[in-house]
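Colleague: Questions regarding the structure given below will be posed in turn.
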Amino acid sequence: MSKKSVRVRNSFSRRWAGVISASLFFVAAHSAAAENDRPSFREFRDANAGIDRSALRRMYRTEFGGGGRSTDPASITIPTIPMPAVSTVSDAVRVTGTTRRIEKRLERQGVINQSIQQVDSNLVNIRGGVSLDLTSTTRNITLGNNLFGKVSAVEITVGGETKTVQAGSQVSAAEYIAVKQILSGNSQKITIDNAGSAIGGEVDLGSITANNDVMRASDLVVPVNVTTYGDFSKRSDFKLLGA
Numbered sequence: 070m071s072k073k074s075v076r077v078r079n080s081f082s083r084r085w086a087g088v089i090s091a092s093l094f095f096v097a098a099h100s101a102a103a104e105n106d107r108p109s110f111r112e113f114r115d116a117n118a119g120i121d122r123s124a125l126r127r128m129y130r131t132e133f134g135g136g137g138r139s140t141d142p143a144s145i146t147i148p149t150i151p152m153p154a155v156s157t158v159s160d161a162v163r164v165t166g167t168t169r170r171i172e173k174r175l176e177r178q179g180v181i182n183q184s185i186q187q188v189d190s191n192l193v194n195i196r197g198g199v200s201l202d203l204t205s206t207t208r209n210i211t212l213g214n215n216l217f218g219k220v221s222a223v224e225i226t227v228g229g230e231t232k233t234v235q236a237g238s239q240v241s242a243a244e245y246i247a248v249k250q251i252l253s254g255n256s257q258k259i260t261i262d263n264a265g266s267a268i269g270g271e272v273d274l275g276s277i278t279a280n281n282d283v284m285r286a287s288d289l290v291v292p293v294n295v296t297t298y299g300d301f302s303k304r305s306d307f308k309l310l311g312a
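Written out as structure tokens, the structure reads:
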């Protein structure tokens, strides 16, 4: 073996020896630092006064013994930084836009901002179209709480006698008109027989609207001797039964 080869091999060995020595020094220094940082059992006991001695010793062994903190320099705990939640602004904007489109569509169909009264499964919808049969004797209109407001009950004249109605009462279409006439601050102008059908008087359909809504009649049945009037739109389509 040549002298040059021996010098190269010795240089290589010296370099590796230096690397190994530095590594061992780092491990020893790290271990010494960890050993110096570890408190004695007495210090640990004084810092955790009030805990049972045997339980305290198990805690100490777990924390600082063989199953405790690792002194391996390769074992590095990297804190996990939680990622912030993804903003849902775009979703909120999308939902808001969808809601507005639905509202506009309903408004075009006459569902929003209108005067509505519940009539069993049907609606007396003034802007969407009046649907009243004043000849009907069927009491299928339920008077709601919102109709009366602060008034607990009203009295109407049916068949020449006084009839008291309140929220939850079942009335006919003519009786419903009579209730609306009284609640609007006027006297009862429609005449009703014992069965609940209109037989005379007059009906101002404007008295059953709110905020001067434009009315459109879709199905309005008026008996003989009953005068009905209101500001209807041009697309009204209804029939009058009687003279």
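So in our numbering the end of the sequence shown lands on 312, straight run, no missing numbers.
Cβ atoms here follow ideal geometry from the backbone N, Cα and C, with glycine treated the same way.
These figures come from a predicted structure and were not determined experimentally.
For the ligand ADP, is there a heavy atom less than 7 Å away from the beta-carbon of Ala243?
Modeller: For the ligand ADP, the structure offers nothing, since it holds no ligand at all.
Colleague: Quick one: what does DSSP say Leu125 is sitting in, helix, strand or coil?
Modeller: Leu125: helix per DSSP, three-state reduction.
Colleague: Assuming contact is defined by CB atoms lying nearer than 8 Å, are Val234 and Val223 in contact in what I supplied?
Modeller: For Val234 and Val223, yes; Cβs fall inside 8 Å.
Colleague: For Ala242, collect the residues of the same chain with a Cβ closer than 7 Å to its Cβ; drop the 5 residues on either side in sequence, then sort them by chain order.
Modeller: Contacts found: Leu201, Asp202, Leu203, Ser205, Ile210.
Colleague: Tell me which residue opens and which closes the beta strand (DSSP E) that Gln235 is part of.
Modeller: Note, Gln235: beta strand (DSSP E), 230 to 235.
Colleague: Between the C-alpha atoms of Pro292 and Gly218, what's the straight-line distance to the nearest angstrom?
Modeller: So the two alpha carbons sit approximately 30 Å from each other.
Colleague: To the nearest angstrom, report how far apart Ala247 and Ile261 are at their CA atoms.
Modeller: Spanning the two alpha carbons is a distance of roughly 9 Å.
Colleague: If you compare alpha carbons, which of Asn263, Ser256, Ala236, Asn214 is closest to Gly229?
Modeller: Gly229 has its Cα closest to that of Asn263, out of Asn263, Ser256, Ala236, Asn214.
Colleague: Can you name, in chain order, every residue of its own chain whose Cβ lies under 8 Å from the Cβ of Arg208, other than the five neighbours on each side?
Modeller: The residues are Gln239, Val240, Ser241, Glu244, Gly265.
Colleague: Would you identify the three-state DSSP class for Ala247, choosing helix, strand or coil?
Modeller: Reduced to three states, the DSSP call for Ala247 is helix.
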